[in-house]
Each structure stands twice: as structure tokens, then as C-alpha cells.
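In order, the protein sequences belong to chains A and B.
Be aware that the first sequence starts at 13, since it is given in this note's numbering, and climbs by one per residue.
Be aware that the second sequence starts at 13, since it is given in this note's numbering, and climbs by one per residue.
For glycine and all other residues, C-beta sits at the position ideal for the given N, C-alpha and C.
Model, not experiment: these values are computed from the prediction.
Here is the structure we will look at, set down as C-alpha cells.
Number of protein chains: 2
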Amino acid sequence: MSILVVGSVAFDTIATPSGRVTDILGGAATYFSLAASYFTEVRVVAVVGDDFTAENEAVFTKRGIDTRGIERTKGKSFRWGGRYLDNLNEAKTDFTELNVFEKFQPRIPKEYADTQFLFLANIHPSLQLAVRQEMNKVSLTGGDTMNFWIQGTPDELKQTLKSVDVLLINDTETKMLAAEKNLLRAANKVIALGPKALVVKHGEYGATIFFRENAFGVGSHPFRAPALPIDEVKDPTGAGDSFAGGFLGYIASQGEINREVLKRALFYGGVMGSFAVERFGTERLQQLSREEIDARFEIFRELTHLD
Amino acid sequence: MSILVVGSVAFDTIATPSGRVTDILGGAATYFSLAASYFTEVRVVAVVGDDFTAENEAVFTKRGIDTRGIERTKGKSFRWGGRYLDNLNEAKTDFTELNVFEKFQPRIPKEYADTQFLFLANIHPSLQLAVRQEMNKVSLTGGDTMNFWIQGTPDELKQTLKSVDVLLINDTETKMLAAEKNLLRAANKVIALGPKALVVKHGEYGATIFFRENAFGVGSHPFRAPALPIDEVKDPTGAGDSFAGGFLGYIASQGEINREVLKRALFYGGVMGSFAVERFGTERLQQLSREEIDARFEIFRELTHLD
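Structural data, given as C-alpha cells:
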């Protein structure tokens, strides 16, 4: 099975307690596609400037990722600068230069039309909706969003959420979107907006998936996957997109979509997030093997498994 | 097997988004002993004033808890007032009246001398140490502490930690005690101070147990138990002590102490904490059945269980 991700490819300048890097390859679509590439065929739709080099592209193609949907335009690529201080769960933005990303109009190559899975990374909800409507034959659509759209374009976002099957956001975003401080009640309110399932990412405490009643299985019991305690988080950037890549990549690799598949996918999401933060940028995600991934999946499983 | 808890019996005045209560029975030893009473024989050492009624005592005795170690003195019992605002994980203290608790000198009845398990609830570390030295034949000692002692009496606390087998504290306390912001590194530093295992409570995200290398089993892999998403936390007071009561009560009920027992105990801790917060004060903990507890244990197990 194949999965299409639509989102940003960017150059990031990052400072963490472990060090600093300048203009390294990043962006939600980059992290997502690298993480998903260990599970399934991945296709990307994004826009970059003339600063995107052959070497940058090779990061994708070496992992077998289809880059025909990465559009080149004149100008500079999206650039973001930020730092993590004491709280590694929260970035302080130093600068955001949208550059060519400001006028991003996702164009889906006709070769991508048969893609079965779709991930709408964190872009304007109206662009997400346009892509979703064009890709109206997919088996499953995952989506992301952020406080900027929740507060700035709530109507457009709610329109988009009606056609997203699984939304992946964090605790703060869930509570903000639902205008509700209790997580369980907030999750139920978000699910009432459209998604069949909601994945809430808790950073170092793992993630919970909440289900609409009888979606993908019986009942609506939530399920939790842990995160592994790590002795050094070098760079948290991209952890959420790597989580989404592991989660949806694993789902796309399976013959069917049911609760058991989604539960294991939640663990694989955590696994890919845990690899991502071990090095700056996408370094660790470029050099994994499926054996390493499955070995860590077993460690995650053992972490909460009672005999 | 039996377990002795030494700590506070108090009257609490609590405000949460769900309501307010005045002068209800509380205190660490109360929550702990009620939670543990569903698993094993419980004995209490505490001090109360002449405001402690027969009705208050019946809360203990109805659950079969041995109250011969609850000393009566002239004056008022310990009283605490606090409120929980948006963040249910953190209480804002309105007042603390130590009253008879100020001069608490734990006196252990001679009938308690054969107790096999010990829990040192959150009191001055020097009092904890004195009790520990007197109860020098116990199989396992659990302990609690708080920021007040970590910052105020660090030397006494470190002395006490040398003879505590399992310390149960939260994330903030762990990082403060270790002077280290990364949880895994902080946990290892705390274990180096003496405990064979450290249980870090994450509030709504569950708890993690970290082991000293080869303590209670092979290796030092941590283990995590989830917490159940709850749609209304009425009153978080006593959740941590109820957790400790479920955790140590379950251990005391088993014939041996090994990793599998400690893992299941971590789940039982979460179970008892989840019951405690459903009602104000100890109301819910007074009226449980072992069947309800085991049914919720199964829900917790399913919450993270992969087939």
C-alpha cells in the first residue's frame, strides 16, 4: 500500500541543551515520510525553493520516497528557527520565514491518484480540505493541525475535520480545540467534530487513541501506548511528525484496518518518535533498519506488558 | 501479611471545580490504609486530637484496619485547606494547621512489632528513619517525601533514603531530589541514594517504576503503568497515597517480591488512585469491593495490552 503526505519541507535552525544546528533539512513532510518509509511506499507533495539541493533530495530518494510531488519554485524554502530551553516539550520560535511556502498550492501528480492512504500535515485547513476532496478514494485520511489554525481559522478547520478519519494532535491542542480542560471530555468533543479516532500525543508520556463508538471495532474504550524514558533528548523537532509517520505507515502496511492494527500502530508511532529525538534533525531517521525498529517495538511492548 | 503505615490523619477543607467540602477526614495514613485494606491487614500509627470522633475511627475499623497505633492527645487534629484550580495535578494550599501533628513522635504498639511491610508516609525524614530503625525486621519498606523536605532537610532525607526499599514520589519531586531535569537520569541518581526501586507518579499519565540493576530481578529496565482517562476528577486529594496503598497492599498480599509482582502492583496503585479521585475525600475508598478493584485492574491492563 502507498501513502501520500502533503506538508512542509523546510530548513531548520535549532538550539537545544545538547547543541545547535543551522539550516538543516526538516519540515513535517520530511519527518513523516522518512518515518513512514520503513513500513510502506511513500509519496510527497510539498514546495521548495532553489536552495533545495540534490543532496537534500537524496535524503528522500535513498529511502525510496517518491519526490515527484515536490515542486520547485524560485526563491527560498520555508525556514524556521527555534530553541528548546528547560522544557523539551515546548519550542520557542526565533523566526519563521514562510518564503515559497507562503503561496503553497498543493499539486498532486497524476501518478499519485491511486494512493490508498493520505496524511494531511500541519498546513492551512482549507488546503488540507482541497487535497482531501481531490483524493476522495483513499481508504484512510490522517491529519494534523496546531493552535495557530485552531484559533485563527476555526470554521475552515471544522470543515476539514469532517473528512479526516484520524486526527493526531497533542494534549494542549485537543483541549483548545474542544474548549474543555478534561482530556476525556475534550477527546469526545473532538470526535463529535468528525474524526472516527483521535490520537492525543502526550510527549514523554506516550499517546492515547480515542475512538468514536464502534469505529474500527466494538465500543469506544481508549487505548494508551507508553513512551520510553530516554536519557538524552537531543532535538525534539519532528517527533510528532515522526510519530504520525510510524503510526500511518504501519497502518498502510497492513491488509486491514481494525482496532488491533491501530493499537500496534500507536506503539510504532511512539517507536519512530523515540528514534527521531536521539539525533538532531532527521539524522537518525535516515539510518534505521526495520530490525532496529521492531526490536524497539518489543521494548515498548515489554514496558507495559503484564504476563 | 500485614503492613504498617506511619503518617498523618487529618481534616481537610477542599475546593475543586466539582465542589467544596469542609473538615472531612483525610491525611496520608488514612488514604493509604483504606486503599491497602482491600489487599492485606493494615496497621496505623498516627496522632489525632480530641476532635477525632468515634465515627471517624469507624471509617478505619469498618475496613478491618488496626487503629491501636492512633494516639489521642489534647488539642485539634492536623488540618489542611487547599484548592485545585485549572490544573488538577497541583493543589494551592489555603492553610496548614499542624496542631497535634506538630509534635508527632510515632509510637509503635508492641503488638505491631511483627509487621512485615512498612510504609513511611510523608513526614519529617528523621521521624521516618526512627520508625525504620525500630521496625528493622520488615521485608520491604516503602516511603514518600515532598519538596518541603527535599529542600528543607536534604541531609536527613538522604540518611533515611538509605533504608527505604521503594520510594514513591512524583516527577517534580524526582527531578528536584536529583537536581536533574531528565527523568531517566534523575531516577538513576535517586536510586544511587539508596532505594532499590523508585516509583515516579505522573498524575493522569500513570506511573513508572525504575529499578536498581538486578534488584528484584534481572537488569534495570523500567516499567510503566497507565492511568485511565477519567471524565471527572472530583477531588485529586489523596490520589498519591491511595496509589501507594494499592501498590504496597498488593505486594504485601503476595507470597514473594519479584519484578512481576511489582509490575502488577504498579497497576493496582493506578487502580486505587483512579477510585480515590472519583469522589471527595475517602468516600469512594470506603465502599469498594475487591471485585470492583479487579474489574478495573483488567480495564487498566487492556488499556495498554497488545495481543
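Out of the options, which has the shortest C-alpha to C-alpha gap to residue i?
i, options, result
"Val-17 (chain A)", "A:Ile-36, A:Ala-48 and A:Asp-24", "A:Ala-48"
"Ala-227 (chain B)", "B:Val-178, B:Ser-265, B:Ser-20 and B:Ala-190", "B:Val-178"
"Gly-94 (chain B)", "B:Ser-45, B:Arg-144 and B:Thr-34", "B:Thr-34"
"His-214 (chain B)", "B:Asn-101, B:Ala-288, B:Thr-165 and B:Arg-80", "B:Asn-101"
"Ile-203 (chain B)", "B:Lys-193, B:Leu-189 and B:Gly-229", "B:Leu-189"
"Pro-7 (chain A)", "A:Val-230, A:Gly-218, A:Leu-46 and A:Pro-234", "With chain A represented from 13 up to 319, any question about residue 7 (chain A) goes unanswered, as that position is not in the structure."
"Arg-84 (chain B)", "B:Gly-76, B:Asn-68 and B:Ile-77", "B:Asn-68"
"His-136 (chain A)", "A:Pro-118, A:Ser-286, A:Leu-130 and A:Phe-129", "A:Pro-118"
"Gln-298 (chain B)", "B:Lys-88, B:Ala-70, B:Arg-32 and B:Phe-23", "B:Ala-70"
"Arg-144 (chain B)", "B:Lys-115, B:Ala-209 and B:Lys-174", "B:Lys-174"
"Val-245 (chain B)", "B:Ala-22, B:Leu-97 and B:Gln-171", "B:Leu-97"
"Ile-263 (chain A)", "A:Leu-110, A:Phe-129, A:Ala-307 and A:Gly-81", "A:Phe-129"
"Lys-104 (chain B)", "B:Ser-286, B:Asp-24 and B:Thr-220", "B:Asp-24"
"Asn-134 (chain A)", "A:Asn-159, A:Arg-276 and A:Glu-123", "A:Asn-159"
"Asp-306 (chain B)", "B:Gly-61, B:Gly-282, B:Asp-319 and B:Val-289", "B:Gly-282"
"Ala-288 (chain A)", "A:Ala-66, A:Gly-261 and A:Gly-257", "A:Gly-257"
"Leu-180 (chain B)", "B:Leu-132, B:Val-150 and B:Ala-191", "B:Leu-132"
"Pro-207 (chain A)", "A:Glu-192, A:Asn-194, A:Ala-237 and A:Thr-157", "A:Thr-157"
"Phe-292 (chain A)", "A:Ala-41, A:Phe-312, A:Thr-249 and A:Ser-89", "A:Thr-249"
"Ala-22 (chain B)", "B:Glu-314, B:Gly-61 and B:Val-176", "B:Gly-61"
"Ala-142 (chain A)", "A:Gln-171, A:Glu-268 and A:Asp-63", "A:Gln-171"
How would you call residue i, buried or exposed, if buried means at least 16 neighbouring beta carbons within 10 angstroms?
i, result
"Val-91 (chain B)", "One detail in the question is off: residue 91 (chain B) reads as Arg in this sequence, not Val. Buried is the call here."
"Val-59 (chain B)", "buried"
"Phe-255 (chain B)", "buried"
"Ser-301 (chain B)", "exposed"
"Pro-166 (chain B)", "exposed"
"Phe-107 (chain B)", "exposed"
"Asn-270 (chain A)", "exposed"
"Ile-26 (chain A)", "buried"
"Phe-223 (chain B)", "buried"
"Val-230 (chain A)", "exposed"
"Ile-162 (chain B)", "buried"
"Thr-52 (chain A)", "buried"
"Asn-111 (chain A)", "buried"
"Ala-125 (chain A)", "exposed"
"Lys-275 (chain B)", "buried"
"Glu-216 (chain A)", "buried"
"Asp-247 (chain B)", "buried"
My output table needs one value for residue i: the three-state DSSP class, helix, strand or coil.
i, result
"Asn-111 (chain B)", "helix"
"Glu-83 (chain A)", "strand"
"Ser-20 (chain A)", "coil"
"Asp-183 (chain B)", "helix"
"Thr-104 (chain B)", "Correcting the residue type first, residue 104 (chain B) is Lys in the shown sequence and not Thr. Residue state, collapsed to three classes: strand."
"Asp-306 (chain A)", "helix"
"Phe-312 (chain B)", "helix"
"Ile-77 (chain A)", "coil"
"Leu-196 (chain A)", "helix"
"Tyr-132 (chain B)", "Checking the sequence shown, residue 132 (chain B) turns out to be Leu, not Tyr. Reduced to three states, the DSSP call for Leu-132 (chain B) is strand."
"Ile-203 (chain A)", "helix"
"Ala-125 (chain B)", "coil"
"Arg-119 (chain A)", "coil"
"Arg-91 (chain B)", "strand"
"Arg-32 (chain B)", "strand"
"Leu-297 (chain A)", "helix"
"Leu-365 (chain A)", "The shown model of chain A, from 13 to 319, leaves out residue 365 (chain A), and the question about it has no answer."
Could you check whether the Cβ of residue i sits closer than 8 Å to any Cβ belonging to chain E?
i, result
"Tyr-217 (chain B)", "The structure shown has no chain E; the protein chains it does contain are A and B."
> Where in the segment 48-75 of chain B do unbroken runs of the beta strand (DSSP E), each at least 3 residues long, occur, reported from the N-terminal end onward?
Replying inline: The segment 48-75 of chain B contains these whole beta strand (DSSP E) runs: 53-60.
>> Please identify, using Cβ separations under 7 Å, the residues of the segment 30-59 of chain A that lie next to chain B, in order along the chain.
In response: Near chain B, meaning a CB-to-CB distance below 7 Å, no residue of the segment 30-59 of chain A qualifies.
> In chain order, what residues of the segment 304-318 of chain B put their CB closer than 8 Å to some CB of chain A?
Replying inline: For the segment 304-318 of chain B, the set of positions with a beta-carbon nearer than 8 Å to some beta-carbon of chain A reads Ile-311, Arg-313, Glu-314, Leu-315, Thr-316, His-317 and Leu-318 in chain order.
>> As an exercise, report each continuous beta strand (DSSP E) stretch of at least 3 residues that is fully enclosed by the segment 209-289 of chain A, in chain order.
In response: Correct list: 209-213, 219-223 and 235-237.
>> Along the segment 219-234 of chain B, where does the CB come closer than 9 Å to a CB of chain A? Name the residues.
In response: When C-beta distances to chain A are compared with 9 Å, the residues of the segment 219-234 of chain B below that value are Thr-220, Phe-222, His-233 and Pro-234, in chain order.
>> Along the segment 266-279 of chain A, where does the CB come closer than 8 Å to a CB of chain B? Name the residues.
In response: Along the segment 266-279 of chain A, the positions whose C-beta sits under 8 Å from a C-beta of chain B are Glu-272, Lys-275, Arg-276 and Phe-279, read in chain order.
> Where are the beta strand (DSSP E) runs, 3 residues long or more, that stay fully inside the segment 136-189 of chain A, in chain order?
Replying inline: Those beta strand (DSSP E) runs which fall completely within the segment 136-189 of chain A and span 3+ residues are 152-155 and 178-182.
>> Closer than 8 Å between beta carbons: that is the criterion. Which residues of the segment 237-267 of chain A meet it against chain B?
In response: Under the 8 Å Cβ criterion, the segment 237-267 of chain A contributes Ala-237, Pro-238, Pro-241, Ile-242, Asp-243, Glu-244 and Val-245.
> Taking a cut of 9 Å between CB atoms, which residues from the segment 166-181 of chain B lie near chain A?
Replying inline: Within the segment 166-181 of chain B, no residue qualifies.
>> To be precise: take each residue of the segment 202-214 of chain A, compare its Cβ to all Cβ atoms of chain B, and keep it if any distance is under 7 Å. Which residues remain?
In response: Going along the segment 202-214 of chain A in chain order, one finds His-214 with a Cβ nearer than 7 Å to chain B.
>> Tell me which residues of the segment 76-98 of chain B have at least one Cβ-Cβ distance to chain A shorter than 7 Å, keeping chain order.
In response: Going along the segment 76-98 of chain B in chain order, one finds Asp-98 with a Cβ nearer than 7 Å to chain A.
> For the segment 286-304 of chain B, which residues have a CB atom closer than 7 Å to at least one CB atom of chain A, in sequence order?
Replying inline: Within the segment 286-304 of chain B, no residue qualifies.
>> Short of 7 Å Cβ to Cβ, which residues in the segment 187-199 of chain A face chain B?
In response: Per Cβ criterion, the list reads Lys-193, Asn-194, Leu-195, Leu-196 and Arg-197.
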